[in-house]
Structure formats: C-alpha cells, structure tokens
Amino acid sequence: MFIELEPIFNNIGAKKEFSYSFSPEDGGIEAPVNVSGAVENRAGVVTLTANTAFQDMVACDRCLKPTPRSFQKQFTHILTPTLNSEDNDDFILVEDMHFDLNALLREDILLELPTKVLCKVDCKGLCPMCGANRNETACGCKKPVDPRLAVLQELLSDS
Ligand SMILES: [Zn+2]
Ligand SMILES: [Zn+2]
492 MFIELEPIFN
502 NIGAKKEFSY
512 SFSPEDGGIE
522 APVNVSGAVE
532 NRAGVVTLTA
542 NTAFQDMVAC
552 DRCLKPTPRS
562 FQKQFTHILT
572 PTLNSEDNDD
582 FILVEDMHFD
592 LNALLREDIL
602 LELPTKVLCK
612 VDCKGLCPMC
622 GANRNETACG
632 CKKPVDPRLA
642 VLQELLSDS
C-alpha cells in the first residue's frame, strides 16, 4: 500500500489510518501479513505506527516437520523528508512522498523474524545417518555396521 505523505507533512494534526493485508513476495513468509495503524503529524513530527501480524507454516529447523509460526509486532518510525545528523534507526528518510509502506514493513518484519523455528524446544531432529526422525524412533545408528562407514567416520572425526 502507498500512502501520500505530502498532505500529512503539510498539516499539523493530520492523520491517515490504515488497515489492510499484503503478501510479502519473498523472505519466506508464506501468508498475508495483516497491518493496521496510522501515520500522524503531531506538532510537526510525523510518526508511523503499524501493527503487523501473520501466521504461517515453516519447516522445523531440525526435523523439517511443518510447524506453525505466528508473528505479531508493532513498529514505530519517525518519518523525515530531510536527513538528520543523528544516526537513529527510528528515523526513516522519506525520499518519495508517494510512500511504499509494504516495502518498509517487509524489511521491519524480516529483521525481527526468528531465524530458527523448532517444532518443540527439545526437538531431537533427524538422524544424520539414516534420516529417521529421532522424535519418533530410536534408530540405533550409533555404531555403523558397515566397516567402510566406520572408516569414514574415523576420518571425519580426525579432521
Ligand atoms: Zn522438529
Ligand atoms: Zn539413524
């Protein structure tokens, strides 16, 4: 969604509310993101507040099981048409008054997304030898029966 910022910057007290959803095209988010919030000019300071939320399914980092993930976070930024000398992450330089809100929120979300999702905190993952899900079976792969595998394992542990 695009927001026209010019009337907001030019009028103290102006406020534009929004409520919509969008699909981030990449970044591994597999569901539409629901957004609600406002851009508001308070005493000449233009603040963007956006509540974002989505739920999707991602593979467990250890065992690949499809795992529900839910994300919910509020982002607040101060928008400014001129670069401030202070280096502050809360300030967003607006280069185009036809403002692309989705692009900003997509970046916000990707920075906050947990890099690893586990189906449960103590997920045992997949056996590196036979691929069995060790949450479900004890495959007993500790000692390989094939002597060639044993040699290989020795080589690997030496390196
Ligand atoms: Zn898992
Ligand atoms: Zn195994």
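Residues in the sequence shown are numbered from 492 upward in steps of one, following the working numbering. Glycine residues also receive a C-beta, built at the ideal position from the N, C-alpha and C atoms.
(Q) Could you check if Gly622 belongs to the surroundings of ligand 1, using beta carbon to heavy atom distance under 8 Å? (A) Incorrect: Gly622 has no Cβ contact closer than 8 Å to ligand 1.
Q: Output the distance between the C-alpha atoms of Leu617 and Arg553, rounded to the nearest integer angstrom.
A: 7 Å
(Q) If you reduce the DSSP assignment to three classes, tell me which class Ala641 lands in. (A) helix
Q: Since I believe Val526 is in contact with Phe509 (beta carbons under 8 Å), could you give me their beta-carbon distance rounded to a whole number of angstroms?
A: That belief holds up - the Cβ atoms of Phe509 and Val526 are roughly 7 Å apart, short of 8 Å.
**Q.** Chain-ordered residues, beta carbon under 6 Å from a heavy atom of ligand 1
**A.** Cys551, Arg553, Cys554, Lys556, Leu609, Cys610, Cys614
Q) Under a three-way DSSP split, which group does Ala594 fall into? A) helix
**Q.** Whole-number beta carbon distance between Val530 and Ile494, since they are thought to touch under 8 Å
**A.** 6 Å
Q: Please work out which residues of its chain come closer than 7 Å, Cβ to Cβ, to Lys507, disregarding the five sequence neighbours upstream and downstream, and give them in chain order.
A: Ile494, Ile499, Ala529, Val530
**Q.** CA-to-CA distance, Lys556 to Ala594, given in whole angstroms
**A.** 30 Å
Q.
Less than 9 Å between the C-beta atoms of Phe566 and Leu604, yes or no?
A. Leu604 sits away from Phe566, with the two beta carbons spaced by 9 Å or more.
**Q.** Selection from Leu574, Leu592, His568, Asp591 that minimises the alpha carbon distance to Asp581
**A.** His568
Q: Count the other CB atoms, across all protein chains shown, that sit within 10 Å of the CB of Leu570; report buried if there are 16 or more and exposed otherwise.
A: buried
Q) Tell me which same chain residues have a C-beta within less than 7 Å of the C-beta of Ser514, skipping the five on either side of it? A) Pro523
Q | Identified DSSP bridge partners for Phe500 | A | According to DSSP, which records beta bridges pairwise, Phe500 is partnered with nothing at all.
Q. Does ligand 2 have a heavy atom nearer than 8 Å to the CB of Gly462?
A. Beyond the ends of the chain as shown, which are 492 and 650, falls residue 462; an answer cannot be given.
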